[in-house]
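All residue numbers for the sequence shown refer to our numbering, where the first residue is 387 and numbers rise by one. Worksheet: one structure, shown below.
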Amino acid sequence: MVEKKNHPITGGKAIVECLKAHNVKYVFGLIGSATMELFDALYHEKSITFIDVRDERTGTHMADAFARASGSHGIIIAGQNGPGATNLVTGVAQAKAAFSPLLSIAGAIATEHQGKDAFQEVDQQKLFEPITKKTFSIKNTKSIAEDLNKALKLSMHGKWGPVHVNIPRNVLSGIEKYDTFKIESKVDNKKINKIDLEKIVSLINQSSKPVIICGAGVKNSKTQEDIIMLSKNLNIPVVSSAGHGDVISCEHELYSGQMGPRGNRVASSLVKEADFILAIGTRLGFNSTFYSYDNISKSAKIVQIDIDPIAIGRYFSVEIGIQNDVKIFLDHLNSLLKNKSLMNNHNDWVESFKKKENRIL
């Protein structure tokens with residue numbers, strides 16, 4: 387659906403219309419003079435709740451937490467350029483490390499004052515580039531809708547991550563007409579190689595100690611029920627990567643919680659002793675493994691699925707690597723398994739796991 391507006395509005399109002407078009411319901415921020423037109427528009431927009439914070443630093447962590455918990459955009463506004471923007475840095479950097487869909491918006495000095503040692507001038511573009519998926523500096527009022535639309539989509543496209551937007555005061559106060567605030571774009575599903583799926587089924591049939599490791603990609607793609615179905619159909623225990631203990635319901639009888647150096651004993655031992663690992667939506671990164679075979683079976687054959695091609699086989703060699711959205715992969719694998727007879731050579735492994743789990747409980 388394309389929403390149209392034909393009357394002139396301020397750049398600040400255009401930002402609010404973009405957020406509204408993307409179904410943003412909550413915005414965190416600290417009111418400042420550099421973004422007054424934006425806050426004026428927020429004041430009059432009843433569909434968006436503004437949560438005023440005492441400090442941009444805490445507000446950024448709040449917006450990041452909201453993004454992770456809700457699986458939608460977390461929005462933080464620094465009302466002032468310079469120190470208001472620099473206060474965002476720690477939270478934005480943390481959001482990048484956690485692949486959180488945070489959108490930070492900061493006021494900036496007027497375009498005509500840039501490079502003149504103006505009050506509170508900081509090169510905000512260069513400041514945020516290393517700690518974001520992308521940093522935008524909006525040049526004119528007319529491009530606000532297009533640029534903010536790109537920013538919102540980019541933060542949740544592929545591997546999620548924070549995006550930062552700098553908006554000069556004169557751009558916010560400018561008046562323009564906008565034809566649209568949101569354009570729906572077609573998303574082409576990537577193809578899954580059926581040969582790879584057949585190989586995965588073969589590896590499962592050959593295994594006696596299989597385990598599924600789930601990461602943020604499962605939460606982000608909202609495939610918790612698909613994972614539970616897969617685990618039940620295959621009769622394979624599930625563990626989570628570090629920081630994602632809520633990846634599926636703890637009531638699932640084959641779920642043992644977080645693995646790794648900071649994980650629980652049962653989940654960690656499953657990964658250390660496994661002969662087959664199906665790693666879904668996880669990097670198998672530092673917090674889960676310390677990049678060491680002390681925390682993951684060296685003899686296990688690993689199949690890794692992740693939206694980010696860089697993540698596949700980056701720290702541990704993989705038998706099969708699939709760069710794709712977790713949802714697409716699970717749809718294909720679960721569909722294939724409906725017509726397959728599985729050997730299920732790992733009953734002893736599963737029964738042993740259940741006894742250990744019950745002793746812990």
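We put the beta carbon where it would ideally sit given N, CA and C, even for glycine.
| Item | Value |
| --- | --- |
| Asn733 to Asn621, Cα distance in whole Å? | 8 Å |
| What are the residues that DSSP puts in a beta bridge with Asn552? | Ala492, Ser523 |
| Looking only at C-alpha atoms, which of Ser490, Gln592, Ser594 sits nearest to Ile401? | Ser490 |
| Looking at the structure shown, is Leu670 part of a helix, part of a strand, or coil, going by DSSP? | coil |
| Give a yes or no on whether the C-beta atoms belonging to Gly477 and Leu416 are separated by under 9 Å. | no |
| If you compare alpha carbons, which of Leu664, Gly398, Asp711, Ile598 is closest to Ile524? | Gly398 |
| For Gln690, which residues does DSSP report across the bridge? | Ala665, Gly707 |
| Determine the contact status of Phe452 and Gly547, defining contact as a CB-CB distance below 9 Å. | no |
| Can you name the start and end residues of the beta strand (DSSP E) that Tyr677 belongs to? | No beta strand (DSSP E) contains Tyr677, which DSSP labels as neither H nor E. |
| Hey, quick one: how far does the alpha helix (DSSP H) through Ser541 stretch, first residue to last? | 530-541 |
| Tell me the DSSP bridge mates of Phe567? | Bridge partners of Phe567: none, in fact. |
| Between Gly493 and Ala407, is the Cβ-Cβ spacing less than 9 Å? | no |
| Tell me the rounded alpha-carbon separation between Ala376 and Asp692. | A question about residue 376 goes unanswered here, because the residues of the chain that appear run from 387 up to 747. |
| From the DSSP output, which residues share a beta bridge with Ala464? | Leu416, Ala492 |
| Can you name the residues that DSSP bridges to Ser596? | Rather than Ser, the amino acid found at residue 596 in this sequence is Pro. Its beta-bridge partners are Phe662. |
| Decide if Cys636 is buried, meaning its Cβ has at least 16 other Cβ atoms within 10 Å, or exposed. | exposed |
| Within 10 angstroms of the Cβ of Pro596, are there 16 or more other Cβ atoms? Answer buried if so, exposed if not. | buried |
| In the DSSP assignment, the alpha helix (DSSP H) including Asp450 goes from what residue to what residue? | 442-456 |
| Determine which residues share a DSSP beta bridge with Val624 and list them. | Ile598, Tyr641 |
| In angstroms, rounded to a whole number, what distance separates the CA positions of Ile495 and His543? | 30 Å |
| On the criterion of 16 or more Cβ atoms from any shown chain inside 10 Å, does Arg651 qualify as buried, or is it exposed? | exposed |
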